[in-house]
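Undergrad:
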Amino acid sequence: MVDREPNRLLRKARGSMTQRRLADRVSAEIYNATGKESVITAKSISDWECGLYTWPPAHVRTALCRVLQKPQPADLGFFNKRRVRAPKEPEVTSLIDLMAGQLPAARSNTLRIPDGRSFSGVDVEAHRCEAVSPGDGWLMVAPGPDVVLNRPDRRTFVVVVDDKQQLCILEGRRFADRVGRRTGPQPVSSATSVDDLTVGIIWAVTNTDVALLADDGQLSTLQAVLAPDVRHCLSDIPPAEVPTLTPVARQWLESWMCTRHITRNLERLSGQPCLWTRERCGEDATSWLLWRHRFEYLRRTSRWFPRMRREFYLLETDVADSPTYERVLLLLAAALMESFGIAVALNSECEPAEVEQSVLGDESIVANWLGASGLCCVDASAPWSCRAVPRDGAEQARELPSVTEQSSKRRLEAIANRLDVPWPWFQRRCAELAHEGVDDIAHPRSRLLSTRGLNAAIRYIARAKDL
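Residue 23 is where the sequence shown starts when you use the working numbering, and the numbers rise one by one after that.
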C-alpha cells in the first residue's frame, strides 16, 4: 500500500464547486490559453485531492492556479515527489583565510586546514559565534543550544567574532566541556586570537593527530615487534616488512626507534656532545613539540649532559619556502630545547643531504631514517667513513664557544631573525598565551601526543626577559 496524504489545500480551494465543474473549467482554461483540447475529468480532480498524484502536468497546474486564483502550485498542495534536491555543498573557509579576516560565510561550515610536505590536510567543522567584549582581553560567547561541539566522529572549532570583527578560535570539544560545567555565556581570552601563532598550532596539532590516530593500531603492534631490533647496532628492517602507514605515522615509528637507540648508548659519550639534527622546517620540528617520546628524550639527554648543544641546518631557501605560521613552529622547537638547557644554533654551512641525525662526542651515535635503505639506520661508535657529517664539521661543532657563551634570549632572538619572525610580536603573543595554555586552541586525542612541549616552549618564551 502506498502511503499518501490527502491534498487538503486543493480541496479547500475548490470550496462548494463540484469536482466535475472544476474539471470543466480547467479544461476550458487550457483551451483558451493554448488552443489545444485537453479533457480533465472529475476523476482527475478526485485523484489529486486524495493525494494519489501530487504533480499534474505543467499546463494543468497553470490552469488550476488561474481557475482557483492561487499564485503557485504549492498553494494548491502540489509537489514533485521525484525531484530530489542535490545536497548543498558545505561552505568552505580556509584556516589561512581567517588570518586575513575572512569570516565564515554561514553559522556552521567547513574549515579547511591546509596540507604540508607530510601533512595530508584536514577538513573540520567550524561554528561561528558572535561575542561581546565586557572588558580588555576577554570576550563573552554564548554558542547556543543547537551547536554540537563534542561529536566523537567530527572535529569542531568555534570561531568567535566580536563587534570589531576580530577573530578568536577555540577547540570545540574543550569548549563543550566548559559549557557543560557552567551555564550562560562563556569567557574567551583574546589570547586565542587568530594569527600566525594560533594557526601554526592548529595546523600542526590537527594534522599530526589525525595521521597518528589513523594508524594507531598498527603502530601499537609494530612497537612490540620492532622493539628488539633497537638493541642491535644496526637496524636493517626492509620496508616490505612494514605495513603501509601515513607519512607522519611512519616518521613517528622511525623517530621512536632512533631515540631509543640514542638513549641506550649515551653512556658511550663523555664531555659535552653536540647533536646534529635534520629538521629544516616547522612541519618537521612539530615532532619535538608534540610527540611524547621526543619530549622525554629531551628531558633525559639534557639531564645526562647539562650543557649540551644542538645544531639545526637551515638554508635561505628553507625560510623562503615556509609560511610564517610554519617558521613559528621551528622557533618554538628551538625554545623548547633551550628550556631544557640545550644551546641551539642554526647552521647553513653544510648541505642538508649530507647531515645525519647524530650525537657527536668522543665517539659517535648515528640515528637516522632519512635516506636509509631500510626502515631506519642506527649505529654506535660508527667509523668516520660511515658518518654523514664530515670530520671537520664535527670538529667545528666542538669549537662553538660563542654559542654557549651567549644568553638563551640572545640565541633565540638570533634564530627568530634568521627565520624572519618578529621577536617583539612573538614574545608578546607567547606571554598572552602562556597563562591560558594551548589546549583550548588545539588538543590532541592520540595517546602518542602531548601538548607539554608546546606549553613549555611558550612559557619559556614568555619569560625570555629574565633569561
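Cβ atoms here follow ideal geometry from the backbone N, Cα and C, with glycine treated the same way. Here the structure is a predicted model, which is why all the values come from computation and not from measurement.
What span of residues does the beta strand (DSSP E) with Tyr335 cover, start to end?
TA: It spans Arg331 to Tyr335 - the beta strand (DSSP E) in which Tyr335 sits, taken as one unbroken run.
Undergrad: Give the DSSP bridge partners of Leu161, in chain order.
TA: Answer by DSSP bridge pairing, in chain order: Val210.
Undergrad: Within a Cβ cutoff of 6 Å, which residues of the same chain sit near Lys487, ignoring the five residues on either side of it in sequence?
TA: none
Undergrad: Let me make sure I understand the geometry here. Which of Pro345, Thr266 and Gly206 has the alpha-carbon closest to that of Met162?
TA: Nearest of Pro345, Thr266 and Gly206 to Met162, Cα basis: Gly206.
Undergrad: Threshold first: 4 residues or longer. Then list the alpha helix (DSSP H) segments lying entirely within the stretch 75-159, N to C.
TA: 80-90 and 117-121
Undergrad: Which of helix, strand or coil does DSSP assign to Ile480?
TA: helix
Undergrad: Can you look up Thr299 in the DSSP assignment and give me helix, strand or coil?
TA: strand
Undergrad: How would you call Phe101, buried or exposed, if buried means at least 16 neighbouring beta carbons within 10 angstroms?
TA: exposed
Undergrad: Give me whichever residues DSSP pairs with Ile191 in a beta bridge.
TA: Val181
Undergrad: Out of curiosity, what's the CA-to-CA distance linking Cys296 and Gly138?
TA: If you take the alpha carbons of Cys296 and Gly138, they lie about 30 Å apart.
Undergrad: In this structure, what does DSSP give as the bridge partners for Asn369?
TA: Tyr335
Undergrad: Relative to the C-alpha of Leu244, which residue among Ala271, Arg176, Arg322 and Ser68 is closest?
TA: Ala271
Undergrad: Less than 8 Å between C-beta atoms, sequence neighbours within five positions excluded: which residues of the same chain meet that for Glu458?
TA: Once the five neighbours on either side are set aside, the close Cβ partners of Glu458 are Ser211, Ala213 and Thr214.
Undergrad: Determine the DSSP secondary structure at Ser277, reduced to helix, strand or coil.
TA: helix
Undergrad: Please classify Asp340: is it buried, with 16 or more other beta-carbons within 10 angstroms of its beta-carbon, or exposed?
TA: buried
Undergrad: Buried or exposed for Ala356, going by 16 or more other Cβ atoms inside 10 Å?
TA: By the neighbour-count rule (16 or more Cβ atoms within 10 Å), Ala356 is buried.
Undergrad: Per DSSP, what are the beta-bridge partners of Ser215 in this structure?
TA: Checking the DSSP bridge columns, you'll see Ser215 partnered with Cys190.
Undergrad: Could you check which residue in Cys190, Ala80 and Arg196 has the C-alpha nearest to that of Pro466?
TA: For Pro466, the nearest C-alpha among the options comes from Arg196.
Undergrad: Helix, strand or coil for Leu291? Go by DSSP, reduced to three states.
TA: Here Leu291 sits in coil by DSSP.
Undergrad: Taking 8 Å as the limit between beta carbons, can you name the residues of its chain near Asp217, skipping five residues before and five after?
TA: Met121 and Arg451
Undergrad: Using beta-carbon positions only, say whether Glu113 and Thr132 come within less than 8 Å of one another.
TA: yes
Undergrad: Helix, strand or coil, according to DSSP, for Leu471 in the structure here?
TA: strand
Undergrad: How big is the Cα-Cα spacing for Arg33 and Glu71?
TA: 6 Å
Undergrad: For the structure I just gave you, are there three or more beta carbon pairs, one from the stretch 316-333 and one from the stretch 346-366, closer than 8 Å?
TA: Enough Cβ pairs lie closer than 8 Å, so yes.
Undergrad: From the DSSP output, in three-state form, read off Arg42 for me.
TA: helix
Undergrad: Under 6 Å Cβ to Cβ from Arg88, same chain only, skipping five residues before and after it: list those, please.
TA: Glu51
Undergrad: Are there 16 or more other CB atoms within 10 angstroms of the CB of Ser344, so buried, or fewer, so exposed?
TA: buried
Undergrad: Any idea which residues DSSP pairs Trp310 with across the strands?
TA: Its beta-bridge partners do not exist; DSSP assigns none.
Undergrad: Here's a check: name, in chain order, each residue in its chain whose Cβ is nearer than 6 Å to the Cβ of Ala85, leaving out the five neighbours to either side.
TA: Val48, Glu51 and Ile52
Undergrad: Going by beta carbon distance, what residues of the same chain come within less than 7 Å of Ala464, once the five residues before and after it are set aside?
TA: Glu193, Ile223, Ile224, Val227 and Thr228
Undergrad: Mapping the DSSP letters down to three states, classify Thr346 as helix, strand or coil.
TA: helix
Undergrad: To the nearest angstrom, report how far apart Leu470 and Ser309 are at their CA atoms.
TA: 11 Å
Undergrad: Taking the C-alpha atoms as reference points, what is the distance between Arg30 and Arg36?
TA: 10 Å
Undergrad: On the criterion of 16 or more Cβ atoms from any shown chain inside 10 Å, does Glu348 qualify as buried, or is it exposed?
TA: buried
Undergrad: Which class does Ser395 belong to by DSSP, given the choice of helix, strand or coil?
TA: Bear in mind that the predicted position of Ser395 carries a pLDDT of just 47, short of 50, making it too unreliable to give a figure here.
Undergrad: For Ser130 and Val146, what's the separation of their Cα atoms in angstroms?
TA: 11 Å
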